[in-house]
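Residues 342 to 752 (the numbering used here) make up the sequence shown, in order.
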Amino acid sequence: MLELVAAFICLTTLLTYVNYRFIGLPPAIGVMVTALLFSLMLQGLSLIGFPGLEERVEGLMNQIDFNDLLMHWMLAFLLFAGALHVNLSDLRSYRWPIGLLATVGVLIATVVIGYLSHWVFALFGWQVPLIYCLLFGALISPTDPIAVLGALRTANASKPLKTTIVGESLFNDGTAVVVFTVLLGIIRLGETPSMTDTAILFAREAIGGVVFGGLIGYATYRMIKSVEQYQVEVMLTLALVIGGSAMCYELHVSAPIAMVVAGLIIGNLGRNLAMNDMTRRYMDGFWELIDDMLNALLFALIGLELLLLPFNWLHLAAGGVLALAVLLSRLLTVAPAIVLLRRWRAVPKGTVRVLTWGGLRGGVSVALALSLPLGEERDLLLSITYIVVLSSILVQGLSIGRVVRKVSALP
């Protein structure tokens with residue numbers, strides 16, 4: 342296992358260097374592109390006289406449980422690091438659009454994408470049960486916080502837009518995971534859970550995550566406030582994420598939501614009331630480094646996953662059509678929320694456009710697709726999910742800055 346970790350870290354570092362030195366794309370996206378090119382190069386070498394090379398890399402990749410690695414560990418670190426720099430007062434100011442998009446928006450997107458995908462699959466000759474199509478809608482509906490945060494770093498978006506997009510992406514995973522879990526339970530048990538069971542599941546995962554994240558975040562804040570040693574204070578936040586994530590899965594509450602809440606507490610209460618300037622500098626530097634490194638590892642892993650997925654031209658065509666369907670569902674989700682919000686407060690021009698185009702899909706969707714039960718439906722949905730995620734990151738992620746600039750230039 343140690344050899345696998347060493348090989349993967351070395352490869353990711355090499356891909357990061359190649360992107361920085363020769364390609365020049367935004368860091369995370371550039372690493373994914375170089376990983377994709379590396380995957381294609383391996384496939385090409387296997388075809389022209391190096392048999393077994395691709396199979397050896399595939400064997401190494403098969404040893405990595407992407408779903409467990411991302412959902413149980415990497416996501417907690419990345420969400421905590423992202424929440425650490427979100428201003429709580431800004432988040433409170435835009436709580437209504439964030440709340441609507443992260444809850445009702447996910448439910449609407451799940452249904453819209455589910456029915457559109459059912460129609461598209463039938464169009465391409467695949468008879469996929471509606472419940473699997475709704476499951477696809479649930480796993481692809483949340484915007485990915487990692488991809489969104491990475492893309493917005495280079496986009497000079499206004500504060501309302503940036504706060505809304507980041508806030509939504511930090512919180513909508515909880516809703517999507519609950520919907521995904523309920524639909525997956527229907528497939529496995531063959532029966533629809535009652536409204537009471539669904540409400541209990543949501544309360545335990547989402548509300549439990551908020552409460553538990555608040556408790557461990559506040560406890561860590563009090564501990565940080567009681568010392569004046571930056572090494573100890575940084576270690577406390579590291580223990581918070583590692584230990585807190587492990588406890589979340591024992592308690593069956595949402596670790597992503599808990600880490601977001603804990604990160605908001607440390608990033609606001611802790612930063613303003615418990616840290617001196619030196620601690621703030623080291624805390625920011627440490628978590629920015631963790632964020633950058635894990636982003637590179639995650640996007641390299643997404644690029645290398647190409648080696649493990651069965652693709653054909655029909656998959657690519659269907660994935661392209663469904664990528665447009667996902668964008669349409671995003672528009673249908675965002676537009677009503679913004680129109681409703683305009684009744685109570687001023688909303689900048691172009692908000693719907695930026696929120697629609699800025700709804701990137703990423704590793705969370707791939708991880709959920711990998712957790713589907715084995716079968717033909719899983720293979721199809723996994724391939725389509727991968728294509729939609731790639732098109733979202735490459736097309737929307739690379740052009741969101743241009744869209745933001747055009748919107749900012751509107752009178």
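Every residue gets a Cβ at the ideal spot worked out from N, C-alpha and C, and that includes glycine.
Query: Leu650 in three-state terms, based on DSSP; Result: coil
Query: Neighbourhood of Val601 by C-beta distance below 6 Å, restricted to the same chain and skipping five residues each side; Result: Leu420, Ala424 and Leu511
Query: Environment of Val427 [buried if 16+ CB atoms lie within 10 Å]; Result: buried
Query: Nearest-angstrom beta carbon gap, Ile454 and Ile340 [assumed within contact, 8 Å]; Result: No answer is possible for residue 340: the residues shown for the chain start at 342 and end at 752.
Query: Boundaries (first-last residue) of the alpha helix (DSSP H) holding Pro438; Result: Arg436 to Ala443
Query: Gly554: first and last residue of the uninterrupted alpha helix (DSSP H) it sits in; Result: Gly549 to Lys566
Query: Simplified DSSP state of Trp467, which is helix, strand or coil; Result: coil
Query: Contact check, Leu711 vs Leu721, beta carbons under 9 Å; Result: no
Query: Top-ranked residue by Cα proximity to Trp685, from Trp437, Val693 and Gly558; Result: Trp437
Query: Test item: CB-CB of Val675 and Val693 under 9 Å; Result: yes
Query: Presumed contact (8 Å Cβ cut-off) between Ala290 and Leu356, rounded CB distance; Result: This structure cannot settle anything about residue 290, because the visible part of the chain is limited to 342 through 752.
Query: Ser595, buried or exposed, once every other Cβ within 10 Å from all chains shown has been counted against 16; Result: buried
Query: Leu648 beta carbon less than 9 Å from that of Glu399; Result: yes
Query: Inter-residue CB distance, Leu502 and Val695 (contact presumed, cutoff 8 Å); Result: 5 Å
Query: Status (buried if at least 16 other CB within 10 Å, exposed otherwise) for Gly465; Result: It is Phe, not Gly, that sits at residue 465 in the sequence shown. Its Cβ having fewer than 16 others within 10 Å, Phe465 is exposed.
Query: Sequence-distant residues of the same chain with beta carbon closer than 7 Å to Ala443, five excluded per side; Result: Glu509, Phe512, Asn513 and Thr516
Query: Gly385 to Tyr727 span [Cα, whole Å]; Result: 20 Å
Query: Asn360: first and last residue of the uninterrupted alpha helix (DSSP H) it sits in; Result: Here Asn360 belongs to no alpha helix (DSSP H), and DSSP marks it neither H nor E.
Query: C-beta contact flag for Leu480 and Ser732 at 9 Å; Result: no
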